[in-house]
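The structure appears right after this line, and notes come after that.
Numbering (the UniProt record's numbering), first residue to last: 1 to 309.
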């Protein structure tokens, strides 16, 4: 069944989702570089607003809008004023299922980068410095991986980590899938016990008032001095100043960060530490994840407009 409506795509998304919406009968305006003032001025003409992380769907945008749907091609909704949207009875949707594998693979890659000093090894070898004796690493096999947030991404990481013969410890304020626990042998515990026990900790929680600075000085101090912290979720969950102090003073072995409190990051002291590996928020930045996210969002938009969901 064909549907009607105008869709404003505010950020760059994969063509597969755009083509799917066009086939369903939707009119698409593709403006991936649209500025905030232009968005406020023109948003009233659209039934659906599609964004990634660049565009901020503020209360001002929502108040000017006549949209039925705000669609986030990705996971986090921290760039959308969800409360303002709900007040206007606008549906807010996202595609958390699309990027799970991509983010999990990056987290594993960052763990290996930390364990084997890969960024430093690469940089020094390219400079002509053969520093093999300075690059003693550690193995993942046999180590304890603490997963904070055992949802889609956390479970993917757990399964991948089992292939490296790692032991799993999990914490989540919500019930963890029982089949996954049985499959992987994960030890489910409280957050403090996880922090005290894990050799690697990987974070997969949303940015909310409750999770802001979840990893503060007090919690970082509970971690082993030989432990590594990996964050591919949201930068706000870590107090970067506290992390800098812990790493600088040898209270933690290292950290790998794909996300930051401010993006692009401004904490030059943290980024300058030799035991920090950084990437520019590329967790979902794979061809496969972006194609799937656009398709998932397009299908949800079509189904909502058809009255199916």
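A virtual CB, placed ideally from N, CA and C, is assigned to each residue, including glycine.
Helix, strand or coil for residue i? Go by DSSP, reduced to three states.
| i | result |
| --- | --- |
| residue 93 | strand |
| residue 134 | helix |
| residue 14 | coil |
| residue 276 | strand |
| residue 307 | coil |
| residue 270 | helix |
| residue 74 | coil |
| residue 296 | helix |
| residue 262 | coil |
| residue 102 | helix |
| residue 241 | helix |
| residue 254 | strand |
| residue 282 | coil |
For residue i, is the classification buried or exposed, using 16 other Cβ atoms within 10 angstroms of its Cβ as the cut-off for buried?
| i | result |
| --- | --- |
| residue 67 | buried |
| residue 113 | buried |
| residue 198 | buried |
| residue 254 | buried |
| residue 236 | buried |
| residue 261 | buried |
| residue 85 | buried |
| residue 239 | buried |
| residue 184 | buried |
| residue 159 | exposed |
| residue 125 | exposed |
| residue 211 | buried |
| residue 208 | exposed |
| residue 135 | exposed |
| residue 226 | exposed |
| residue 204 | buried |
| residue 234 | buried |
Thinking residue i and residue j are a contact (beta carbons under 8 angstroms), I'd like their distance in whole angstroms, please.
| i | j | result |
| --- | --- | --- |
| residue 290 | residue 11 | About 11 angstroms; that fails the 8 angstroms criterion. |
| residue 298 | residue 74 | Not really, about 14 angstroms apart at Cβ, beyond 8 angstroms. |
| residue 243 | residue 270 | 6 angstroms |
| residue 157 | residue 202 | 6 angstroms |
| residue 48 | residue 71 | 6 angstroms |
| residue 93 | residue 81 | Rounded, the Cβ-Cβ distance is 15 angstroms, inconsistent with contact. |
| residue 37 | residue 55 | Residue 37 to residue 55, Cβ: 12 angstroms. No contact. |
| residue 102 | residue 288 | 7 angstroms |
| residue 50 | residue 57 | That belief does not hold up - the Cβ atoms of residue 50 and residue 57 are roughly 10 angstroms apart, past 8 angstroms. |
| residue 148 | residue 110 | At roughly 15 angstroms, the Cβ-Cβ gap does not stay under 8 angstroms, so residue 148 and residue 110 are not in contact. |
| residue 258 | residue 140 | At roughly 18 angstroms, the Cβ-Cβ gap does not stay under 8 angstroms, so residue 258 and residue 140 are not in contact. |
| residue 177 | residue 155 | 7 angstroms |
Alpha carbon to alpha carbon, what distance is there between residue j and residue i?
| i | j | result |
| --- | --- | --- |
| residue 195 | residue 45 | 50 angstroms |
| residue 28 | residue 116 | 47 angstroms |
| residue 108 | residue 307 | 40 angstroms |
| residue 76 | residue 171 | 20 angstroms |
| residue 266 | residue 5 | 41 angstroms |
| residue 222 | residue 281 | 27 angstroms |
| residue 247 | residue 274 | 9 angstroms |
| residue 65 | residue 301 | 17 angstroms |
| residue 186 | residue 96 | 23 angstroms |
| residue 249 | residue 152 | 34 angstroms |
| residue 59 | residue 206 | 21 angstroms |
| residue 100 | residue 279 | 17 angstroms |
Verify the contact flag: residue i, CB atom, against every heavy atom of the ligand ATP, threshold strictly below 8 angstroms.
| i | result |
| --- | --- |
| residue 213 | The ligand ATP is absent from the structure shown, which contains no ligand whatsoever. |
Taking only runs of the alpha helix (DSSP H) that begin and end inside the segment 3-56, which ones reach a length of at least 4 residues, in chain order?
Counting whole runs of 4 or more residues, the segment 3-56 contains the alpha helix (DSSP H) stretches 15-23 and 36-42.
So within the segment 129-212, which uninterrupted beta strand (DSSP E) runs reach at least 3 residues, ignoring any that extend past its ends?
Listed in chain order, the complete beta strand (DSSP E) runs (minimum 3 residues) inside the segment 129-212 are 144-148, 167-171 and 200-203.
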